[in-house]
Amino acid sequence: MPPEPILQISGLTKRFGNLIAVNDVSVRLEPGTIVGLIGPNGAGKTTLFNAITGLHTPDAGRVLFKGTDITGMLSHKICKLGMSRTFQVVKAFSILTVEDTVRVGAYNRHGEKEIQAKVDEVIAFCELEDFRRQKCGDLSLALLRRVELARAVATEPELLLLDEAGAGLTGTELDGLMAILTRLNREKGVTLCVVEHVMKMVMGLCQRIVVLDAGEVIAEGTPAEISDNPKVIEAYLGKRAVR
Amino acid sequence: MENIIQNLLNGALMGCIYALIALGLSIVFGVMNVVNFAHGEFVMLSMYFTFAAGAYWVLDAVTTPLITFPLLFLFGWLTYYLLIDRTLRYRYVTQIAVTVGLAILLRAIAQMIWQAQPRALPYSMIQGNIQIGGINILTSRLIAAAVSVVAIFLVYLFLMKTWPGRAIRAASDDLDAASLAGVNYRQTYALSFGLGTALTALAGGLLMTFQQVDPTMGLRFGLLSWCVLALAGLGSVPGLLISGVIVGGAEALAMSVWDPRSRLLAVYLIFILVLWLRPRGLFGRK
Amino acid sequence: MNTKQRTIKMLPLLVGLVVALIVPLIVGKNQYNMVLVTTVLFYGVLATAWNIIGGMAGQLDLAAWAYLGLGAFTSGTLLLRWNVTPWLGMILGGLVAAGFAALVGYPLFRFGVKEVWYALSSAALVEVLRVAFLMWDEVGGPVERYLPFHRASWYHMRFASYVPYYYIVLGLLLIALFVNYRISRSKLGYYLLALGESEDAAEVIGVDARACKLKALMIYAFIVGATGAVYACLFGFIHPSFFNTAQSTEVAILGIIGGMGIVYGPLLAAIILVSGREFMRANLGSSLESLYLAIYAVVLIVIALFRPQGIAPLFRKAYDWLLSRVVGERYAA
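Chains as they are written, first to last, in my numbering: chain A, 6 to 248; chain B, 2 to 287; chain C, 1405 to 1737.
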C-alpha cells in the first residue's frame, strides 16, 4: 500500500477569461521525494503553483495537503501548515539584508527568543554566511535565488515548491544549488517539487517527473521513462532539443 | 420633481466634461502607468489660462482652447521630459512625490499670479438658457457637454485609427513588444503625456464659460477625475463617458435630494465602494 | 566596544533630545518662533507615525488628517460637552481614530485595494469626513467651536503660551519614535517591511499581510488621533477644515522624502523642510504671497527626483564621515 500523499491535486482547473491555463490536472506527491514538473513555456506550471499556494483561487478541483483541504486558502495559512515556495521572477525584499529576509521566514515557527539561532542555522545551511549583512537589492541573481530559497527553508516547510530555481545560473552555481537541495531533501526530509527548464537539474535531482503541456498532464514517470516517451519528445524535448 | 430632473440633467452634462478630463488621466495612467497627482492642477491651470486670455485679449472662453491646447500640450511634453521620464525607473511612490510637488508648485504659482479669490469671465457667446417644458438648461453647459463628447469621440478615433494613436495603445498593451516593433517609447510617452495634458485645456476652456476658478480647484478636479477613471476602469473610452455621466449625475442628485453640501460626499462614497467591490471598474479590461 | 558603538549610534538622538529640550529656553520669549518649532515637531509626529503604515508597510496612506480630525473632534467634543480632560481625550481620540481606521482598513485590505488606489481612497476619505462633519450639526457644522479659554490649565490642556504645547508635542514625538523603533525591531516590523516590498512573497513565507497592514494602520491612526486632541487644544477650536487633503498628502511626502522605512527619516524631513518652509513663509510671505510654497515645491521635486531613497541615507553617510574624523574609523557604524 503506498504511503499517504503529502500533496494530492485532483481535477484542478484555472481559467483566465477564455484561456484555460490549467485544465483538469491531477498530481500526487509522495512524502520525501523530489518531483520535477516540466513543460514548454506557457504550459501552466507557474499557474499551477499559484493555484496550489493560494495566490490564485482555482475554478475547479481540489488541493489536499497532508489530508487537509487547502483549496482557496490564504497563502500564509498554507505556509503555517508546512508548504512554501519560491518564485520564477525573483521577488526579493530589496531593502532588507539577507539576514533579515531569512528572519521573516523564520518567524513562521519561532518566537523572538529562538529566532536568531534559527536564522543562523538557515544561513549556514544555505551557505550565505558571507553575504548576511548585505542588502538584497545589491545581490546578483544567483544569490537572490539562494536567498529566496533560504527564506522559504526558514519557514520549516514539509513541502517546498521551487519555480525555476536554476534559471539563469552558471554551471558552478547550479551545482551548489543542487547540493543544497539534495541535503534539504535527505537531512531534513523536505519534499521538493521543482519546475525547471534546466534539464541537468531535473534529470540529476528528480526521482519522478510530471510533464505538462497546454495546461494538461501529458506524461508521468521516472526521468528515464520520460526521456523515452514519444509524446514528451514531441511536445517538449523535440522543440527544445537544440540547446 | 422638475427641479430634480433639471439638476440631474445639469449633472449629466457636467459629467461629460469630467469624462473629458478623466480621458487625459486615463491616457497617462493607462499607457504609461504613470500616477499623475497633478492632473487636477493642469485643469486649474487651463482655466486660469482661459481666464487670462479672456481678460487681457478679450477672447471668448470657447475659443481659447485654440491657444491653450497647444500651450498645454507643450507644457505636458516638457513636464514629461523634465520630470516624469526620470521617475519611470523608480517606484510609483516617487512619481506621487514628484507629481504632488508639481501640484503644489502650480497651486503656488496660480496663487502668486491670480491671488486666492475666485476669478470668472463675464461673458461668453454661448451663454443663455434653453427651456424645455419646466426644465431650464444653461446653453453653455449643453454646448460644453456636446463639445466634450465630440472631443472624446475624436480622441477615440485618434487612438484607434492613426499611427501615433496605435503606438500609444501598443505601448499600453506591452511596452517590450512595442519597442521591438519600432515604437520609440520616449516619444510615445511624451506624446501621450502631452495629449493627456492638452485635453485639460479644452476642458478648462469649456468650464470657464459657466464656472469660476480658484487655486484650490485642482484638488477637486484631480480627485473627481480619478473617481471617474476608477469607475470606468482602464481601456474603455465609452466607459469613461458613461462613468463621467454617472459621477456628474450622482453629484447633482445628492445636491438636490439630500443636502447641497453632500455633492462630493456622494462621489467619494461611490469611489470608495467601487474600489472595494469592483477594482477593475465597470468597463475595465484589466 | 559594543556598548561604545551603541553609544555612538545613540549620540545624535541624545544631542537632538537635549537641543529639543532647551529650545524653548532660547526662543521661548518669541511667540512666533515657538509656533514655528511646535509646528515642526508636530509634523515630525505625524510623519513619524506615517512611517509605520507608509514607510514600513508600503501603503501610501494620504489620510493623516482624517485621523487627526477624528481625534480632535472626539477630544474637543468631550471637553465641550462633558468637561472631560483632553489628557483622557487624547487616548479616546486615538481609540476612535484607530477604530475608524479598522472599519475602513478591513474592507480595503480584504478586497486588495493597493498602491495608487489605496492612496486615492484614503485621500477621498479625508474629503468624505470633512463634508460629513460639515453636515453633522450636533458635533461639527460650519462654525468653529471654541474650546474654553484658560491662561494656564493643565486639566483643560489650555495655555496662553506655546511652551507647554511644545513640550506636549515633544512628548508625543518621543512616543512615536519609540513605537516606531520597537516595531522596527519586532516581528511585526520585519513583516511590514517584507510585505511592503512584495506581498505575494511575504504571504508564501507565512506573513498574514492583511492582518499586519491593519495593525500598522491602527497604530498609526491611534498616534495621529491622539495628536489631534493636542492640535485642537493648541488652536483652541475644532472645525471640519481640520480634515485637510493637501496637508495629509504633505505628511506622506515628508515620509517619502525622509526615507521610506527609516525610523528617523520622516522626522529629519519634517525638521528640514517644514522649518525651511515656515522660515520662508515668515520672511518672503509679505513681499510675494506663496513664493515660499513654490520654492518648497521645487525642493520637494528635486529631492524626490534625485534622492529617491530619501535624505536619511545622506545624513547617515555624513554622520559616519564625521565620526571617522573625530574618533577614528573603527567606531564608524
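Positions of the beta carbon are idealized from the N, C-alpha and C atoms, including for glycine.
It should be emphasised that the depicted structure is a prediction, and the values quoted were computed from it without experimental measurement.
A/Q121, buried or exposed, once every other Cβ within 10 Å from all chains shown has been counted against 16 = A/Q121 is exposed by the Cβ-count criterion.
Would you say B/V32 and B/T100 are within 8 Å of each other, going by their C-beta atoms?
-> It is not a contact, given that the beta carbons lie outside the stated cut-off.
With 9 Å as the limit, tell me which residues of the stretch 1558 to 1573 of chain C have their beta carbon closer than that to any beta carbon of chain B; keep them in chain order.
-> Residues: none.
Is the Cβ of B/V258 closer than 8 Å to any Cβ of chain C?
-> At a cut-off of 8 Å between beta-carbon atoms, B/V258 makes no contact with chain C.
Assign C/M1414 to one of three DSSP states: helix, strand, or coil.
-> Look at C/M1414 here: in three-state DSSP terms it is helix.
Quick one: measure Cβ to Cβ for A/V203 and A/A172, integer angstroms, because I've assumed they're closer than 8 Å.
-> About 7 Å separates the beta carbons of A/V203 and A/A172, which is inside the 8 Å limit, making them a contact pair.
Rounded to whole angstroms, what's the CA-CA distance from C/A1580 to C/V1628? Just pull it up for me.
-> Taken atom to atom, the span from the alpha-carbon of C/A1580 to that of C/V1628 is near 9 Å.
Which of the residues in the stretch 1694 to 1718 of chain C, read from start to end, lie with their CB under 9 Å from any CB of chain B?
-> Those residues of the stretch 1694 to 1718 of chain C placed with their C-beta closer than 9 Å to a C-beta in chain B are S1694, L1695, Y1696, L1697, A1698, I1699, Y1700, A1701, V1702, V1703, L1704, I1705, V1706, I1707, A1708, L1709, F1710 and P1712, ordered along the chain.
Nearest to B/L232 by CA position, among B/G219, B/A251 and B/M218, is which residue?
-> The shortest C-alpha separation from B/L232 is found at B/A251.
Between A/S145 and chain C, is there a C-beta pair that is closer than 8 Å?
-> It does not: the Cβ of A/S145 has no partner Cβ on chain C nearer than 8 Å.
Could you list the residues in the stretch 222 to 234 of chain B with a C-beta less than 8 Å from some C-beta on chain C, going in chain order?
-> Interface annotation for the stretch 222 to 234 of chain B against chain C: L224, W227, C228 and A231, criterion Cβ-Cβ distance under 8 Å.
Below-8 Å beta-carbon distance, B/F272 vs any chain C residue | Taking Cβ atoms only, chain C reaches closer than 8 Å to B/F272, which makes this a yes.
Is the Cβ of A/E126 closer than 8 Å to any Cβ of chain C?
-> It does not; no Cβ of chain C falls within 8 Å.
Across which residues does DSSP place C/S1557 in a beta bridge pair?
-> According to DSSP, which records beta bridges pairwise, C/S1557 is partnered with C/R1562.
Given B/S149 as reference, the closest of B/I68, B/I105, B/L84 and B/V238 once Cα atoms are compared = It is B/V238.
Count the other CB atoms within 10 Å of the CB of C/D1541; is the residue buried (16 or more) or exposed (fewer)?
-> If you draw a 10 Å sphere on the C-beta of C/D1541, you find fewer than 16 other C-beta atoms in it, and that means exposed.
At what residues does the alpha helix (DSSP H) containing A/F70 begin and finish?
-> Counting along the chain, A/F70 falls outside any alpha helix (DSSP H), though it belongs to the beta strand (DSSP E) covering A65 to F70.
Given that C/I1456 touches chain B, what residues does it touch there, using C-beta distances under 9 Å?
-> Under the 9 Å cutoff, chain B gives no residues; its nearest Cβ is about 16 Å from C/I1456.
Within 8 Å, strictly: CB atoms of A/I223 and A/V200 = No, these two residues do not count as a Cβ contact at 8 Å.
Residue ranges of each alpha helix (DSSP H) within the stretch 1460 to 1546 of chain C, 4 or longer | If we require 4 residues or more, the alpha helix (DSSP H) runs fully inside the stretch 1460 to 1546 of chain C come out as 1468 to 1486, 1490 to 1514 and 1519 to 1539.
Do three or more CB pairs link the stretch 1652 to 1668 of chain C to the stretch 1473 to 1487 of chain C at distances below 8 Å?
-> Cβ pair count under 8 Å is below three, so no.
Who are the neighbours of C/I1623 on chain A, taking C-beta pairs under 8 Å?
-> Taking a Cβ-Cβ threshold of 8 Å, none of the residues of chain A is close to C/I1623; the smallest such distance is about 18 Å.
Own chain partners of A/L186 with C-beta closer than 7 Å, once the 5 adjacent residues on each side are dropped = Excluding its 5 nearest sequence neighbours in each direction, A/L186 has C-beta neighbours in its own chain below 7 Å: L197 and L210, listed in chain order.
Counting pairs of beta carbons, one from the stretch 38 to 48 of chain A and one from the stretch 1570 to 1578 of chain C, are three or more of them closer than 8 Å?
-> With a cut-off of 8 Å, the stretch 1570 to 1578 of chain C and the stretch 38 to 48 of chain A do not count as touching, because too few Cβ pairs lie within range.
Within 10 angstroms of its Cβ, does B/I133 collect 16 or more other Cβ (buried), or is it exposed?
-> By the neighbour-count rule (16 or more Cβ atoms within 10 Å), B/I133 is not buried but exposed.
Proximal residues to B/A146 (C-beta, below 6 Å), its chain only, five neighbours per side dropped = Closer than 6 Å at the Cβ level, and outside the excluded window around B/A146, lie L14 and C17.
For the stretch 1639 to 1652 of chain C against the stretch 1528 to 1535 of chain C, are there 3 or more C-beta pairs whose distance is under 8 Å?
-> They touch, by the three-pair rule.
Three-pair Cβ contact test at 8 Å for the stretch 1629 to 1643 of chain C versus the stretch 1581 to 1601 of chain C = A contact between stretches requires three or more CB pairs, one per stretch, nearer than 8 Å, and the stretch 1629 to 1643 of chain C fails this requirement with the stretch 1581 to 1601 of chain C.
With C/E1607 and A/H81 assumed to form a contact (beta carbons below 8 Å), what rounded beta-carbon distance in angstroms separates them?
-> About 5 Å separates the two Cβ atoms, so the contact holds.
DSSP three-state assignment for C/L1676, whether helix, strand or coil = Position check: residue 1676 of chain C holds Ile in this sequence, whereas Leu was assumed. C/I1676 carries a helical assignment under DSSP once its states are collapsed to helix, strand and coil.
Could you tell me the distance, in whole angstroms, from the CA atom of B/E42 to the CA atom of B/A202?
-> A direct Cα-Cα distance of roughly 11 Å separates B/E42 from B/A202.
Please name the residue, chosen from B/F194, B/L242 and B/R221, that lies closest to B/P165 on a Cα-to-Cα basis.
-> Selected option, being the one with the closest Cα: B/F194.
Buried versus exposed call for C/Y1447 [16 or more other C-beta atoms within 10 Å across all chains shown] = By the neighbour-count criterion, in which a residue is buried when 16 or more other Cβ atoms sit within 10 angstroms of its Cβ, C/Y1447 is buried.
Would you call the CB atoms of B/A20 and B/V214 closer than 8 Å?
-> No. Outside cutoff.
Could you work out which residue in A/I100, A/T91 and A/E169 is closest to C/L1597 when comparing CA atoms only?
-> Comparing Cα-Cα distances from C/L1597 to each of A/I100, A/T91 and A/E169, the minimum goes to A/I100.
Taking Cβ positions only, does B/I247 come closer than 8 Å to chain C?
-> Chain C, which has no Cβ nearer than 8 Å to the Cβ of B/I247, makes this no.
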